[in-house]
Structure formats: structure tokens, C-alpha cells
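Student: The sequence shown: position 43 = 43 (this note's numbering), numbered continuously.
Even glycine gets a Cβ: it sits at the ideal position worked out from N, Cα and C.
Below are the C-alpha cells for one structure; questions will follow.
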Amino acid sequence: MKYNRKIFGYECDIYGHLNNANYLHLYEEARADALEDMDMSIGKLNEEGIRIYISEINLTFKIGLPVGERVVLDTRMVKANRAISVWKQEIFNAAGELCNIAIVKGVFIREGKPFRISKELFEEYKKYIQPE
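See below:
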């Protein structure tokens with residue numbers, strides 16, 4: 001799933017490119033957008049008492065993103081079961097160059113504890129798995 005975004009000055013560091021911590025913000029925006037596209041928005045999941053907490057994230061930096069750069073974030077779920085999901089996210093600059101890669105692991109949580117989502121919900125969720 002694609003998410004388009006511009007890099008703003010307030011997100012950048014003293015060197016004029018996206019601050020390392022703000023990559024996490026962009027990826028969070030793109031995952032939330034992807035969940036909406038899957039008809040599983042964070043709000044909808046919250047109504048059912050379901051949360052997705054990030055348990056692990058690995059970023060690979062390739063090319064810096066300067067102020068004003070227009071980027072496309074590609075988000076896809078590459079693995080999932082009823083307890084966890086693993087997402088691969090990539091950021092491309094306006095020239096189409098790969099700038100950053102994130103591998104993100106999320107855990108389903110209910111009442112503050114890990115749990116397994118229902119088989120019915122997983123059947124809907126797994127339609128979006130795109131293995132590498």
C-alpha cells in the first residue's frame with residue numbers, strides 16, 4: 001500500500017535532512033493508513049479492545065531525505081499469525097530511489113496483555129499478507 005508524504009522543516013535535524021527519530025513517525029502514519037485501507041483502522045480495532053503494539057523495529061538507512069522531499073512509503077504485511085504481524089516498509093524519494101527500509105513486528109494486545117485475535121478476524125487480516 002502506498003502513502004505519499006512531504007518532508008517538512010520541523011522534522012529535520014541540523015544537517016537539513018529527516019531526523020532519524022522521525023522515520024518512525026512516517027512509518028507509523030503509513031501503517032495506520034494501510035490498516036484503514038484494510039478496513040481495520042486503529043479506531044475500529046480499539047472499539048473491539050484490540051491494540052497493536054510494536055515489539056521490534058529495524059531500520060536500514062540508505063539515502064537521506066532533505067527538507068521538501070516528496071516521498072512514497074510502501075507498506076506491506078509480509079508475515080502474520082493470530083498473535084503477531086510483521087511488516088516491511090520502504091521509503092522512496094521523488095527520483096524513485098530506495099532511501100530507507102523498516103522491518104516492524106507488531107503484537108496484538110488486549111487488556112494490556114498479548115493475545116490471539118479471533119480466527120474470523122485473522123481470515124480477513126491474512127488476505128493482505130504479501131510474503132517476500
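Using 8 Å as the threshold, is the C-beta distance between residue 82 and residue 117 below it?
Tutor: Your numbering for residue 82 matches position 82 in the sequence shown. Your numbering for residue 117 matches position 117 in the sequence shown. Result yes, Cβ atoms of residue 82 and residue 117 sit closer than 8 Å.
Student: What does a CB cutoff of less than 7 Å around residue 11 pick up in its chain, not counting 5 residues either side in sequence?
Tutor: Working through the sequence shown from its first residue, we reach residue 11 at position 11. Here the set comprises 18, 19, 22.
Student: Note down, in chain order, each residue of its chain lying with its Cβ closer than 8 Å to the Cβ of residue 109, except the 5 sequence neighbours on either side.
Tutor: Indexing the sequence shown from 1 puts residue 109 at position 109. Take residue 109, set aside five residues on each side of it, and the residues of its chain with a beta-carbon closer than 8 Å to its own are 50, 51, 52, 53, 115, in chain order.
Student: Please check the pair residue 68 and residue 7, which I expect to be a contact at CB under 8 Å, by giving their CB distance rounded to whole angstroms.
Tutor: Here residue 68 refers to the residue found at position 68 when the sequence shown is read from its first residue. Here residue 7 refers to the residue found at position 7 when the sequence shown is read from its first residue. Yes, residue 68 and residue 7 are in contact; Cβ-Cβ is about 6 Å, under 8 Å.
Student: My output table needs one value for residue 93: the three-state DSSP class, helix, strand or coil.
Tutor: Counting from one through the sequence shown, the residue named residue 93 turns up at place 93. Reduced to three states, the DSSP call for residue 93 is coil.
Student: Enumerate in chain order the residues of its own chain whose CB-to-CB distance from residue 126 is below 7 Å, with the five nearest sequence positions on each side excluded.
Tutor: Here the question's residue 126 lines up with position 126 in the sequence shown. Here the set comprises 80.
Student: Let's test the definition: count the other Cβ atoms within 10 Å of the Cβ of residue 70 and tell me whether it reaches 16, buried, or not, exposed.
Tutor: To locate residue 70, count along the sequence shown from 1; it is residue 70. Counting Cβ neighbours within 10 Å, residue 70 comes out exposed, since fewer than 16 surround it.
Student: Look up residue 31 in the DSSP assignment and say whether it is helix, strand or coil.
Tutor: If you number the sequence shown from 1, residue 31 lands on position 31. Correct three-state label for residue 31: helix.
Student: So, at 8 Å on beta carbons, what are the nonlocal neighbours of residue 129 in its own chain, with the 5 sequence-adjacent residues on each side left out?
Tutor: In the sequence shown, counting from the first residue as 1, residue 129 sits at position 129. Closer than 8 Å at Cβ, skipping near neighbours: 77, 78, 79, 80.
Student: Please go through the same chain and pick out, in chain order, the residues whose beta-carbon is closer than 6 Å to the beta-carbon of residue 38, but skip the five residues on each side of it.
Tutor: Along the sequence shown, one-based indexing puts residue 38 at 38. Close CB contacts of residue 38 within its chain, under the 6 Å cut and outside five residues either way in sequence, are with 128 (chain order).
Student: On the premise that residue 88 lies in contact with residue 132, defined as a C-beta separation below 8 Å, what is that separation, rounded to the nearest angstrom?
Tutor: Numbered from 1 along the sequence shown, position 132 holds the residue referred to as residue 132. Numbered from 1 along the sequence shown, position 88 holds the residue referred to as residue 88. Yes, residue 132 and residue 88 are in contact; Cβ-Cβ is about 7 Å, under 8 Å.
Student: With a CB to CB cut of under 7 Å and the five nearest residues on each side skipped, what residues in its chain are close to residue 75?
Tutor: The count along the sequence shown starts at 1 and reaches residue 75 at position 75. Excluding positions up to five away in sequence, the list reads 1, 3, 30, 31, 34, 87, 89.
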